[in-house]
Amino acid sequence: MNATAAIAGATFGEAVRKRVLMVILLAALVIILISPAFEPFAGRGQRTLVMSFGFGIIQLAGTFIAIILCTGLIPTEIERRTIYTILSKPVQRWQFVLGKLLGAIGTLAFIYAMMGLVFLLVTRLSLGAFEPQVIKGIVMFFFQSSLLASVTLFFSTFVSPLVNYFLSAGVFLMGNLMSTFLETIQRNPEVTPLTRIPVQILTIILPNFANFNIQNPIINPEQVLTDELAYFIQTIAYAIVYMALLLVGSILIFNQREM
Amino acid sequence: MGGYSIVSDVVIKTVKLTKRYSSWWGSQTVEAVKNLDLEVYRGEIFGFLGPNGAGKTTTIKVLLGILYPTSGEAYVLGKPAGDPETHHRLSYLPENPYFYEYMTGKEILTFYARLFGIPEPERSKRVNQLLDRVGLSRAANQPLRNYSKGMLQRIGLAQCLLNDPDLLILDEPTAGLDPIAHIDIRDLILELREQGKTLFISSHQLSDVEIVCDRVAILNRGELVRIGKLEELLSGGYVEMIAEKVSENVLEPIRQLGGRPSWHDGRLIVEQPDDGSIDRVIDLVRANGGHIISVKPYRRTLEDLFVETIQGGRKQ
Amino acid sequence: MRKRSGKLWAVLAVLFVLQAGLQWRILPLWSKNYAPKQAAPVGLSPEQLLVAFAGFREFLAGMLWVRADGFFHSGNYDAILPMLRLVTWLDPHNIDVYTTGAWHMGYNFTDEAQRSDRRYIPLALKFLDEGIENNPTVWDLYFEMGWMYFHKIQDPVNAVPWLQKANEFPDMIPARRHTLAHALFKAGRFDESIDVWSRLILDAEKERHRDWESHTLYDVRVKNMEESLLDVVRRYGPEPETQPPLNMHFDATVKVVRPKVILVEGRLAIPTIGARVTVILRDKGKTINYSPKALKVFTFEVDKDLTYMQDSIAVRDMKFRREIDMSKDPKMYPFKAPEYEVEFIFDPRYASPQIQDRIGTDGVGMTDDRYLDTRDPSARMLRKVVTLTREEILMIGKPASNR
Chain L
165 MNATAAIAGA TFGEAVRKRV LMVILLAALV IILISPAFEP FAGRGQRTLV MSFGFGIIQL
225 AGTFIAIILC TGLIPTEIER RTIYTILSKP VQRWQFVLGK LLGAIGTLAF IYAMMGLVFL
285 LVTRLSLGAF EPQVIKGIVM FFFQSSLLAS VTLFFSTFVS PLVNYFLSAG VFLMGNLMST
345 FLETIQRNPE VTPLTRIPVQ ILTIILPNFA NFNIQNPIIN PEQVLTDELA YFIQTIAYAI
405 VYMALLLVGS ILIFNQREM
Chain E
3 MGGYSIVSDV VIKTVKLTKR YSSWWGSQTV EAVKNLDLEV YRGEIFGFLG PNGAGKTTTI
63 KVLLGILYPT SGEAYVLGKP AGDPETHHRL SYLPENPYFY EYMTGKEILT FYARLFGIPE
123 PERSKRVNQL LDRVGLSRAA NQPLRNYSKG MLQRIGLAQC LLNDPDLLIL DEPTAGLDPI
183 AHIDIRDLIL ELREQGKTLF ISSHQLSDVE IVCDRVAILN RGELVRIGKL EELLSGGYVE
243 MIAEKVSENV LEPIRQLGGR PSWHDGRLIV EQPDDGSIDR VIDLVRANGG HIISVKPYRR
303 TLEDLFVETI QGGRKQ
Chain G
135 MRKRSGKLWA VLAVLFVLQA GLQWRILPLW SKNYAPKQAA PVGLSPEQLL VAFAGFREFL
195 AGMLWVRADG FFHSGNYDAI LPMLRLVTWL DPHNIDVYTT GAWHMGYNFT DEAQRSDRRY
255 IPLALKFLDE GIENNPTVWD LYFEMGWMYF HKIQDPVNAV PWLQKANEFP DMIPARRHTL
315 AHALFKAGRF DESIDVWSRL ILDAEKERHR DWESHTLYDV RVKNMEESLL DVVRRYGPEP
375 ETQPPLNMHF DATVKVVRPK VILVEGRLAI PTIGARVTVI LRDKGKTINY SPKALKVFTF
435 EVDKDLTYMQ DSIAVRDMKF RREIDMSKDP KMYPFKAPEY EVEFIFDPRY ASPQIQDRIG
495 TDGVGMTDDR YLDTRDPSAR MLRKVVTLTR EEILMIGKPA SNR
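Chains as they are written, first to last, in our numbering: chain L, 165 to 423; chain E, 3 to 318; chain G, 135 to 537.
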């Protein structure tokens with residue numbers, strides 16, 4: 165386990181020194197910080213503005229960082245041959261993949277912590293009260309990005325980084341869309357099972373990123389939620405199970421991989 | 003796996019090892035290694051030679067379990083290649099190694115020590131010892147991006163020694179280094195042999211290796227063309243004789259004696275096999291009024307062997 | 135040597151089934167709590183839809199709302215309507231967009247003379263209705279609906295149920311609770327109005343010592359109740375000031391002075407100032423149905439062929455007179471119908487208090503020889519209707535008529 169931790173640590177250390185990622189993070193932090201400046205445009209929708217702006221930026225930055233970070237994790241190691249010094253040590257391939265994933269998740273945790281803190285501060289300053297609800301949204305986005313990171317890492321075990329950008333972004337969009345799509349189809353009485361069932365199957369198979377988009381009721385706290393706790397537990401469990409699934413898939417492919 | 007009983011003195015063994023690369027749709031294949039049979043014994047320095055693209059690195063990667071053989075078998079330290087347990091007892095230095103540049107020399111060695119599972123406080127102790135040994139103590143807290151190529155190579159060697167390995171696999175250890183660094187590394191290699199370690203060194207540069215290798219194998223286009231003790235492979239040097247004022251009558255008898263005479267600025271230069279026949283050549287020259295300027299023995303170098311072998315391979 | 139990975143495949147299968155099971159359980163809860171409530175609107179560009187689906191719904195809605203606000207300030211009102219639709223679809227819980235949007239539709243579409251386009255009111259009501267459907271647990275939209283009836287449509291009777299509903303919420307802004315009492319009073323339900331005041335006073339009493347604001351609130355409520363009681367006693371008590379009924383001698387005429395320009399003149403025999411007469415010109419028989427259910431689905435389209443002008447004219451020296459120019463706004467006043475009716479209404483419920491002191495909130499103290507209208511149980515009104523043909527308004531063929 166020490167080896168996995170060492171790899172995770174090295175991955176984290178390298179990620180937080182990666183200029184692209186830090187520029188995105190910094191830009192996000194600055195935008196969140198200045199978002200109250202748009203309040204004059206918001207009228208009575210001040211809360212909506214600050215909240216949706218902040219959540220939007222955080223999600224956007226987290227998504228980009230997850231994809232950009234994870235497309236390179238394994239290919240870069242191969243390209244600069246550092247992987248040979250690692251795999252020639254008593255390190256199993258699964259430890260390497262797990263270490264990389266944990267390092268990526270650690271990086272995302274760090275990034276979300278930074279953005280979350282700034283966001284909390286901004287909401288405190290501009291809305292006049294601490295909004296602990298914000299933390300819920302941030303945590304869910306963190307899991308969303310972590311799941312996306314595992315998707316990207318999975319793809320990175322067998323496609324090139326460039327293909328991976330589009331593949332991961334595509335899966336992310338699809339995974340955000342399926343629930344709404346299914347919902348629309350289920351509400352429409354004219355849709356036949358011939359259409360409905362494939363959509364249902366696809367919704368179940370694809371990683372569902374829409375599960376984590378819970379910001380709406382936080383932005384508009386008037387809405388009453390049913391079984392919120394159960395929803396959170398199930399969704400986080402879902403994220404972990406799906407990440408484990410992708411990790412096992414990544415290991416299966418990476419075990420066969422020749423470098 | 004396999005029915006081979008591995009003699010305990012055999013550290014590396016390959017049997018009909020073949021590695022074929024194919025493009026992913028399988029239409030084009032390249033055989034990087036063909037039917038390679040190799041045995042490396044405990045305590046020797048084994049030179050694994052060949053021009054670029056001969057299949058040296060491919061063979062090493064198979065030995066490390068990073069690549070999988072297409073056919074044939076490979077054993078390292080008595081276990082099938084790639085067995086993680088053997089990785090505790092071997093070390094590998096890739097060609098032109100790269101490390102996490104943001105880390106300091108100390109951090110990168112600590113990182114590798116953790117990969118070896120070396121616990122504290124043993125870890126810190128060994129890291130400091132090795133930094134000292136490769137002469138990087140003063141640069142230990144500088145990030146690797148400030149290191150010169152030679153310093154990086156020394157870090158590479160240090161990370162190889164962290165686990166006090168029985169077998170070191172060094173891929174082109176002197177590539178791109180200045181002459182002084184060459185000597186440093188050569189000395190280190192000799193020192194390691196003194197400690198009874200087995201070294202498997204691949205190289206396409208010959209001068210530094212030939213001095214230290216006990217045995218060499220020459221690989222060309224994936225095939226083993228020569229293997230043996232260095233003295234055996236290098237046996238059969240020649241003696242060079244230079245004379246002047248010699249009549250041309252001597253040329254034919256010299257050729258019959260196995261020599262290779264040639265004229266240069268009115269001087270006769272003869273390359274005579276090192277088999278005692280030089281005495282008769284001297285007699286011949288003198289008998290024909292010649293004046294001998296010099297007689298000098300030349301040993302065959304690894305380089306000669308290498309060039310002969312590769313050219314032989316190309317003619318085929 | 136390659137790994138054999140039979141066990142890993144088994145783990146993979148188990149994890150897959152596990153995630154599928156979890157997702158199947160998550161879907162219904164997600165649908166209940168987080169799904170967008172409307173069906174996807176048509177007319178969105180693919181990029182907008184993509185961004186919307188990609189989990190940036192609220193973000194996009196926020197951005198659009200900022201943009202809509204820009205349109206509002208630049209007076210580009212038509213551009214706001216699709217924005218409203220988009221924003222509320224993306225973020226159906228954005229209360230501000232519903233309230234502001236409904237207010238915008240109800241008040242901001244006007245002609246050159248700042249007369250608002252009444253054809254938009256049913257749209258505003260439907261928009262609020264949809265907002266309530268999406269956010270039934272929030273008081274704001276019930277209040278806005280009530281306010282729309284109370285103030286814009288001037289229909290206190292239909293305002294009451296909405297305001298009652300809004301007042302049921304404990305978190306409603308205290309000052310807004312007063313609207314219900316006022317609406318009840320105007321609807322002629324005096325007892326209930328005073329009931330509401332007394333309950334509000336009891337509420338405020340508990341808090342009155344907390345701060346200055348709470349104290350003021352208490353004072354305002356007490357003063358309002360006292361006034362209401364006094365009004366009831368003076369107007370409807372044993373010696374009512376509203377008796378005997380005052381003859382209003384109401385009359386009005388319409389004269390077309392130029393094409394699409396009418397001059398309305400009339401008389402209302404009320405001795406004090408503060409009375410207003412409402413004038414409506416509309417396609418004959420085409421009254422507007424001010425009901426949230428008048429429209430089946432929300433739309434931005436109003437009946438473009440319908441002409442409906444409403445104005446309110448102050449009475450001075452017992453006379454009123456205004457030239458109403460409808461020639462500059464062909465979009466609002468298309469004049470497509472063959473016949474038009476011009477309706478003059480005097481509604482005592484929205485008259486000033488000094489007038490109501492004489493004739494009553496419900497018009498019990500007024501009468502008229504010709505135009506008294508007693509059909510509305512909540513109040514007696516004065517109403518006169520004049521009919522005009524399209525030719526007359528457009529001054530086609532014959533000279534201007536005077537009726």
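Every residue, glycine too, gets a C-beta built ideally from N, C-alpha and C.
Could you tell me the distance, in whole angstroms, from the CA atom of residue i to the CA atom of residue j?
| i | j | result |
| --- | --- | --- |
| Lys357 of chain G | Arg344 of chain G | 19 Å |
| Leu307 of chain E | Ile229 of chain E | 11 Å |
| Tyr70 of chain E | Phe176 of chain L | 30 Å |
| Leu251 of chain L | Leu341 of chain L | 39 Å |
| Met382 of chain G | Thr501 of chain G | 6 Å |
| Lys427 of chain G | Val449 of chain G | 35 Å |
| Thr88 of chain E | Tyr43 of chain E | 16 Å |
| Leu178 of chain G | Ile493 of chain G | Because the pLDDT of Leu178 of chain G is 47, which lies under 50, any placement of that residue in the model is unreliable, and the number read from its coordinates should be weighed accordingly. When rounded, the distance between both Cα atoms is 55 Å. |
| Ala115 of chain E | Asn98 of chain E | 20 Å |
| Pro256 of chain G | Lys438 of chain G | 14 Å |
| Leu290 of chain G | Tyr283 of chain G | For the sequence presented, residue 290 of chain G should be read as Pro rather than Leu. Using only the alpha carbons, I get a separation of about 6 Å. |
| Arg188 of chain E | Trp265 of chain E | 40 Å |
| Asn375 of chain L | Val187 of chain L | 28 Å |
| Arg269 of chain E | Glu242 of chain E | 13 Å |
| Val255 of chain L | Pro325 of chain L | 24 Å |
| Tyr370 of chain G | Arg517 of chain G | 24 Å |
Rounded C-beta distance between residue i and residue j? I'm assuming under 8 Å.
| i | j | result |
| --- | --- | --- |
| Met515 of chain G | Phe478 of chain G | The pair is not a contact, with the Cβ atoms about 10 Å apart (cut-off 8 Å). |
| Gln274 of chain E | Tyr240 of chain E | 6 Å |
| Leu197 of chain L | Val282 of chain L | 6 Å |
| Arg483 of chain G | Lys286 of chain G | Their Cβ separation, rounded to whole angstroms, is 14 Å, which puts Arg483 of chain G and Lys286 of chain G out of contact at 8 Å. |
| Ser310 of chain L | Leu272 of chain L | 6 Å |
Using a C-beta cutoff of 8 Å, does residue i count as contacting chain L?
| i | result |
| --- | --- |
| Tyr442 of chain G | no |
| His238 of chain G | no |
| Lys141 of chain G | no |
| Arg156 of chain E | no |
| His89 of chain E | yes |
| Pro86 of chain E | yes |
| Ala169 of chain G | yes |
| Arg128 of chain E | no |
| Phe308 of chain E | no |
| Asp563 of chain G | For chain G, the structure presents residues 135 to 537; residue 563 of chain G sits outside this window and is missing. |
| Lys166 of chain G | yes |
| Leu429 of chain G | no |
For chain E, find out if any of its Cβ atoms is closer than 8 Å to the Cβ of residue i; answer yes or no.
| i | result |
| --- | --- |
| Ala277 of chain L | no |
| Gly267 of chain L | no |
| Lys300 of chain L | no |
| Asn166 of chain L | yes |
| Gln189 of chain L | The residue asked about is misnamed: residue 189 of chain L is Leu in this sequence, not Gln. Cβ-Cβ to chain E under 8 Å: no for Leu189 of chain L. |
Comparing the C-beta of residue i with each C-beta of chain G, is any distance below 8 Å?
| i | result |
| --- | --- |
| Tyr248 of chain L | no |
| Tyr395 of chain L | yes |
| Ala293 of chain L | no |
Would you say residue i faces chain B, with C-beta separation under 8 Å as the test?
| i | result |
| --- | --- |
| Ile68 of chain E | The question asks about chain B, but that chain is absent: this structure's protein chains are L, E and G. |
Point to revise | Inter-stretch contact (C-beta, 8 Å, three-pair minimum) for the stretch 212 to 219 of chain E and the stretch 45 to 55 of chain E | key: yes
Practice item. Count the C-beta pairs between the stretch 344 to 353 of chain G and the stretch 387 to 397 of chain G that are closer than 8 Å, then say yes if the count reaches three, no if not. Key: no
Review point. Can you list, in chain order, the stretches of the alpha helix (DSSP H) that have 4 or more residues and sit fully within the stretch 215 to 278 of chain G?
Key: With a minimum length of 4 residues, the continuous alpha helix (DSSP H) runs that stay inside the stretch 215 to 278 of chain G are 229 to 241 and 255 to 268.
Check your understanding: Would you call the stretch 410 to 422 of chain L and the stretch 305 to 320 of chain L in contact, with 3 or more CB pairs under 8 Å?
Key -> Yes: at least three Cβ pairs fall under 8 Å.
Exercise for review: Can you check the stretch 165 to 251 of chain E for any alpha helix (DSSP H) of at least 4 residues that lies completely inside it and give the ranges in chain order?
Suggested key: 181 to 196, 209 to 214 and 232 to 236
Point to revise | Contained beta strand (DSSP E) runs [length at least 3] in the stretch 335 to 410 of chain G, N- to C-terminal order | key: 385 to 392 and 395 to 401
Review point. Taking contact to mean at least 3 C-beta pairs separated by less than 8 Å, is the stretch 406 to 415 of chain G in contact with the stretch 440 to 457 of chain G?
Key: Short answer: they touch.
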